[in-house]
Each structure stands twice: as C-alpha cells, then as structure tokens.
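*Asks:* Numbering (my numbering), first residue to last: 2 to 471.
Just so it is clear, CB atoms sit at the ideal spot from N, CA and C, and this is done for glycine as well.
1) Alpha carbon to alpha carbon, how far is residue 115 from residue 365? Give it in angstroms, no decimals.
2) Across which residues does DSSP place residue 80 in a beta bridge pair?
3) Does the distance from the C-beta atom of residue 51 to that of residue 156 stay below 9 angstroms?
4) Within the same chain, show all residues whose beta-carbon is closer than 8 angstroms to that of residue 199, passing over the 5 residues directly before and after it, in chain order.
5) Rounded to the nearest angstrom, what separates residue 70 and residue 390 at their Cα positions?
6) Taking residue 398 as part of the alpha helix (DSSP H), name the residues at either end of that continuous run.
7) Does DSSP put residue 3 in a helix, a strand or coil?
8) Going by DSSP, what residues sit across from residue 436 in a beta bridge?
9) Do the segment 21-36 and the segment 313-330 make contact, defined as three or more Cβ pairs closer than 8 angstroms?
10) Please classify residue 401 as buried or exposed, where buried requires at least 16 other C-beta atoms within 10 Å of its C-beta.
11) For residue 452, count neighbouring C-beta atoms within 10 Å of its own C-beta (all shown protein chains included) and say buried if the count is 16 or more, exposed if not.
12) What span of residues does the beta strand (DSSP E) with residue 200 cover, start to end?
13) I'd like to know whether the C-beta atoms of residue 117 and residue 38 end up nearer to each other than 9 angstroms.
14) Once the 5 residues before and after residue 53 are set aside, which same chain residues still bring their CB inside 8 angstroms of it?
15) Using three-state DSSP, classify residue 306 as helix, strand or coil.
16) Nearest by alpha-carbon distance to residue 107: which of 158, 210, 345 and 455 is it?
17) Determine the DSSP secondary structure at residue 430, reduced to helix, strand or coil.
18) Would you check if there are 3 or more beta carbon pairs closer than 8 angstroms linking the segment 239-253 to the segment 367-377?
19) Kindly indicate the opening and closing residues of the alpha helix (DSSP H) around residue 232.
20) Please work out which residues of its chain come closer than 6 angstroms, Cβ to Cβ, to residue 128, disregarding the five sequence neighbours upstream and downstream, and give them in chain order.
21) Nearest to residue 120 by alpha carbon, out of 464, 295 and 42?
22) Below 6 angstroms CB to CB, which residues in the same chain sit around residue 260 once its five sequence neighbours on both sides are set aside?
23) In the structure shown, what three-state DSSP assignment does residue 90 receive?
24) Go ahead and pull the three-state DSSP assignment for residue 272.
25) Could you tell me the alpha carbon to alpha carbon distance between residue 300 and residue 277, rounded to whole angstroms?
26) What does the alpha-carbon distance come out to for the pair residue 40 and residue 63?
27) What does the Cβ neighbour count give for residue 295, buried or exposed, with the cut at 16 atoms within 10 Å?
28) Helix, strand or coil for residue 46? Go by DSSP, reduced to three states.
29) Is the segment 186-197 touching the segment 159-168, taking contact as three or more C-beta pairs under 8 angstroms?
30) Less than 9 angstroms between the C-beta atoms of residue 343 and residue 88, yes or no?
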C-alpha cells in the first residue's frame, strides 16, 4: 500500500487516523509500521523485547493491536502494557530492561489524529533519519520469512508508582487541582499525587477519547481556564494540567496565573544547583532570555537545542546534562530520574520543591527582571510549504540581525528583544514567540515578523491579527 511520507515526522510518526476518507493511519498501515519498526530495531540494535502501550484515543486500541501483530511478525517478543502515558513506555526501557518501546498516541493533537512514539534501550528516541529508515523498509520490504515473536501482557503501574514515590518527599501537604483533559494521565495522576501526600481535586480525569471538554494541551490558555477557576474555588496551592499522553505539563499558581514552562525549568534549576555545581541545562530556542540570564546567574550553563523531546533528550545524553525543558511543557529530569520527559514525575518534583518553600509559587519569581513575553503562537502553514518558508525567513533575518539557526531562526533584534519562528514537527504550523522589555518594543518586533510573513501567502497571519485585537 502507499503510505503518506509526511506522517514520518522529525521525532515521531503522526497523522490522521479517524477520517471517513483516506486516513493516514489504518489497521493495515499500522501493521506495516510495526513490522518495519521491528525489522529496523533488530538490525540496528539487536532488539529482542519491546513494550507497547497506548493512550485512550478512539483509534488507539485498533492501531495498537495491528502494530503489535507487525512487531510479532518481525520476530520481536512483545509485551502489551495497555493504557499508558508515553513516559511510562519509556520507563520500561530503563527500569524493566526492555530493549525498546512504542506508545500509540498523537499526544496533544486533535482527536482525529494518532501516531507512534518509538524508543530504544534507555529511552533512546528513535527519530529523524531513523524514522526515514523505517519508511524505507515499508517501501522495500524484505522477502525472507521471519521467525515470529510472542505476545504477553503486563501491568506496570504498581512498579512505576513505587519507583516515583520512593524518590519524592513532601515537607507539607499541598492542595492540588489536576486537569487531565480526559487524556490518559487522568488514569494515573490522581493516585500518584495522593500517594506522595497531596490533597487532590480532579477535573476531566475520566478517560474520553473524544476530548469533549477541551483539547488535552496545557500549553494553551483556553484549555486551562476551568483549571484556573477551580484553583480559585478550592483555594488550592497549585493547579496542574496534563497533555494527551502525559509527557507535558502546565502549571497554575494559587492566584490562577498560568506559567510558561520555562519558569518551571527555572524552578527545577534553582533546586538542582543546591546539589549540582554548574549544571548544563538544555532548552529549546523559544525559552525567555530572562530565564537564560537567570540560569547563568545561578551558575548553570545554558545550552540551546532544537525543539522536540527526542532532540532535547539526545543533547542531554551527549553533554551529560541533568535537566532540560521546553516552553511547550516538556520537562526532562536526569538527576535522581531517567532524563526523559515524564509529566507525572515533573508534577511530583515541582510539588516537592514547593512543599519546602515558605512562600507560595506566585511569589517565587517576583525579583526577576520584567519582560513582556508572548505565548507561543501557531500560524497555520501546509506541511509541504512550512520548511521552505522558514528557510526563506532564515535567509532574510540572518542578513540583518544576530541569529541562532539551529531550529528555524531566533532573532536578536537588540539586546533586550528577540523573536523566534520554526516549523512545527507535529502539525501543519509555524510556531512563533517574542519577547521585549517594553510593550511598545514587543509590538514593533512582531510587526517586523508580520511584514515578512506577508510575502508568504501560505503562512497564516491570524496570530498577528489576534495580537492587534488584544
């Protein structure tokens, strides 16, 4: 069969699965992906065992079943771990010695999407060129018949729960509101946070693959409004939102303020430097310059990386970094944990840090310099155009300003203002973020970017129109 090459993205496989006409992912394509992945992992890493989990999307059970059949037919011994967050799958390759893992998920994408996140031993992210190799195997399958593997089931939750709870100690009990957005984290987060000693209020923790209340994407304010209200109603210390597969987190303080996750990275870094001298901390190109400057002041060594959980993880391993993060909500804890982006562990760690603080979260960043930073904007742009447009933007801005070009372009308009634009690897969008020390300058640099966008009709300017309306 023909398979859409665009679903093989930079760090996972993701496409339309629930569509009346020509979906990217079907039982047949899922089988082929499973079989080719198994063949690739065996040849490249001598893989013998693999864990396979799934989120609670309406198509996930069917895709998991067909993917596992493909893996078995490739000769791998497959363990079905059932409903799981992506980090729980990663965990099996670290704590349970599985050679590889796959989670069937499309993370925070809309309900009609699905996909596959693939890792090797010790949560090595199978991404980029490795995914292209899997696509090549699908297009040119081996003729030889393979000895089939076996299938078994395993409930990993009790051991995973015990592994995290033994690492966390609260100094005082905190009241926390959890919003799982009807995603798979709702099955696990309340029990985990209760176990470490929190008083929990649940929002949308019942699993529902239609995501009827809001998208399971804590990065966007519109998805966190009910959580913000509930934190106020219950006089909670903290509100925590999870994405669809439990690898991203959104945090709301006791006053209802939603923090960009680079602030949570800073919170973790402030705690880390008490024990680790001059740690290297990895982050994506959209992190606030104010945060970067504060990391330097703490004695940490900031390291900028391409966006994407696989790129951050691999960079952390390359330079022996104990901490990493992205503005989108991925937090990677390598000190006393495994270094991958586990939102459940991050929630526990943030809670532990706050339990030791005299002041509430709302007061912990008061002394930092004032900056005006936008949310992360998404400008719709077709998959087959977005990289070409970013290339053009890079060419234009590098002629005029100091720029970082490891992932799209981060433009230093002056010493106090910057903007970044890159092609999303998970959706047909360009993503943007801006920062300046005054509102006036923030508007000016956004206008500079918008004027360049006007030269590319395929790239939406809705992000700029929204800003003008605000």
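*Replies:* So, to answer that:
1) 38 angstroms
2) 52 and 153
3) no
4) 171, 174, 175, 176, 177 and 352
5) Straight-line spacing of the CA atoms in residue 70 and residue 390 works out to 40 angstroms.
6) 384-399
7) coil
8) Per the DSSP secondary-structure output, residue 436 pairs in a beta bridge with 374 and 419.
9) no
10) exposed
11) exposed
12) 200-204
13) yes
14) 65, 68, 69, 72, 79, 80, 81, 82, 90, 102, 103, 104 and 105
15) strand
16) Cα-wise, what sits closest to residue 107 is 210.
17) strand
18) Segments in contact, no.
19) 226-235
20) Excluding residues within five positions, the ones whose Cβ falls inside 6 angstroms are 12 and 311.
21) 42
22) 252
23) helix
24) In the three-state reduction of the DSSP assignment, residue 272 falls in the helix class.
25) 10 angstroms
26) 21 angstroms
27) With a 10 Å radius around the Cβ and a threshold of 16 neighbouring Cβ atoms, residue 295 comes out buried.
28) Reduced to three states, the DSSP call for residue 46 is helix.
29) yes
30) yes
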